Structure formats: C-alpha cells, structure tokens
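What follows is a single structure, written as structure tokens, with notes after it.
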Amino acid sequence: METKGAPTEDLSSGGFLSKFLSDLVDSPVNLALLGVCGYLLYRVLKGRRPDDAPYVPDESLPPLPKRDMTVEEIRPYDGKQPDGRILMAVNGKVFDVTRGKKFYGPDGPYGIFAGRDASRGLATFALSEEVLKDGYDDLSDLSPMEMDSVREWETQFMMKYDCIGKLIKPEPEEKPEDGEKEKVSSVTEKAVGDEVHSETTPEETSEGDVKKPSSE
Ligand code: HEM
C-alpha cells in the first residue's frame, strides 16, 4: 500500500550518518566548530596524563582559609605562582580549583579562567579574553538561559571543588563632596603657597589636609 504525505528520508543509521557527515563537511562553519571541539578535546585528554603537568603544585597545599574576595584579590591565583594555587569565581562564589589544574593550569584548555570570574565565559560557552570582564561583573545582561547555565556550572563546582567564599563587589572609592574638594584644594593651595615662603615643610595629615607645622 502506498503512503501519502511528504517523502520520508532514509533515517536508518547509515543514511543518517552519511547525511550528518556530508552536512559537516559542506559547511565551513561546521568544520571550524569541529576543529575547535577536536582541539579542546585533545587539550582536555592530553592534560589527563600525569607526566604532562610540570607546574603542578603538590596535593599537600594547605586549604585556604574561608573568606570573601574581590576579583582583584583572586587575580594572582592563576596557577603561575610558585605554589600553583588556582582560584576561579563562578556565579558569585570563589572556588579553589587547584585540583583541576589539568583544566585551569597555564597549559590547560580552560587556563583563561584561572584567577578570573569565569561566569560569563561559561554562560556563553566562550573561551576568549574579550568576553571576560576585568573588573566586577554583575552578569545582569545575561539571558535567563545563560543564567541557568551559570547556575548549573556553579552546582558542578560546588560538588567538585572547595568554595572559599563569596565574590564581592569592591567598595567604590570615596570621592569628597564638591564643597569639601574646594575646601581641601584651597587649603592645599594656601599651604603650598606658604611653603614657598617658609623654610619648614608642611606635614600632611591622613585626611589629605595640609597642616602647617607648629612654630614650637
Ligand atoms: C566543543 C568543544 C569542547 C569539548 C570537546 C570539550 C570537552 C570537555 C571534556 C571531555 C570535559 C571533561 C573532562 C574530564 O572530566 O576529564 C570538559 C570539561 C569542561 N569543559 Fe569542555 N569542551 C569543549 C568546550 C568547552 C567550552 C567552550 C568551555 C567553556 C566556555 C568548556 C568548559 C569546560 C569546563 C569548565 C569543564 C569542567 C572542568 C572541571 O571539571 O573543572 N568546554 N570539556
């Protein structure tokens, strides 16, 4: 009996595989993606060999005391220091990922995340420097799907690595009020003016005001 409707494709495993392979080879974008995946897979698997990690810190690194940190504070922990410690932030938490050095060490496939907030890179599946922000990243522009992905990564990291604490937003530098600035600069100018005509050096206070030394 003849069946009506659109002609059916041969989706047996042989037909599917050959269509898949021809689609892959026909498109340069697919080929490039395949290349990237192959390269990352190679790097991940290569990193598994125990003799392939000369920078390896030893497993006896003492655990870091728990504390909240800013991005600037986690920066130095990029695995390139003598102890090889690697910290990385994911969704507002700081993890000690030193035991994943084959991934995040200087020669690892995900070394770009070492000492950084990796959330945006993980959310967007990107491993490029341009994607990651240098300062604090509030991730507010990520889509709900990307945020779900970051949360999944966070769960995975919670299971695998030590959480050191929270990633904190640095306090904004305190700027003096406009009036105060004028006051300070006029005092400074006066003192500098005085200094020109005086043999003694003005002494600076911690508030940034300039105080003339007492005449005693
Ligand atoms: C398409 C190419 C990719 C391939 C073939 C690939 C392959 C792998 C494999 C096999 C693992 C597991 C290794 C293991 O558990 O021993 C892994 C883990 C991982 N991949 Fe990829 N990956 C790819 C792309 C990416 C991208 C683009 C990112 C980030 C934006 C990424 C981030 C990660 C992370 C964070 C881990 C977990 C490492 C850990 O356990 O700490 N991967 N990848």
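Residue numbers in the sequence shown follow UniProt numbering, run continuously in steps of one, and reach 216 at the last position. Glycine included, each C-beta is placed from N, C-alpha and C at the ideal position. Quick caveat: nothing in here was measured; it's all calculated off a predicted structure.
In this structure, does DSSP put residue 288 in helix, strand or coil?
The structure shown does not extend to residue 288, since the chain is modelled only from 1 through 216, so no value can be given for it.
From Gly100, Tyr161, Tyr110, Met69, pick the residue whose C-alpha is nearest to that of Arg43; which is it?
When each option's Cα is compared against that of Arg43, the closest is Tyr110.
Please find out if some non-hydrogen atom of the ligand HEM comes closer than 8 angstroms to the beta-carbon of Cys37.
Cys37 Cβ: within cutoff of the ligand HEM.
Mark Val94 as exposed unless 16 or more other C-beta atoms lie within 10 angstroms of its C-beta, in which case mark it buried.
The residue is buried, with at least 16 neighbouring Cβ atoms inside 10 Å.
What is the DSSP secondary structure of Ser119, reduced to helix, strand or coil?
Three-state result, Ser119: helix.
Under 8 angstroms: does the beta carbon of Gly100 sit that close to some heavy atom of the ligand FMN?
As far as ligands go, the structure on display features the ligand HEM and does not contain the ligand FMN.
For Leu33, does the count of other Cβ atoms within 10 angstroms reach 16, so buried, or fall short, so exposed?
Its Cβ having fewer than 16 others within 10 Å, Leu33 is exposed.
Distance, Cα to Cα, Asp78 vs Tyr39?
About 22 angstroms.
Figure out for me which residue from Glu130, Thr70, Gly115, Ala89 has the closest Cα to the Cα of Cys163.
Of the candidates Glu130, Thr70, Gly115, Ala89, the one whose C-alpha sits nearest the C-alpha of Cys163 is Ala89.
Can you tell me where the alpha helix (DSSP H) holding Phe95 begins and where it ends?
From DSSP, Phe95 is part of no alpha helix (DSSP H) but of the beta strand (DSSP E) over 93-96.
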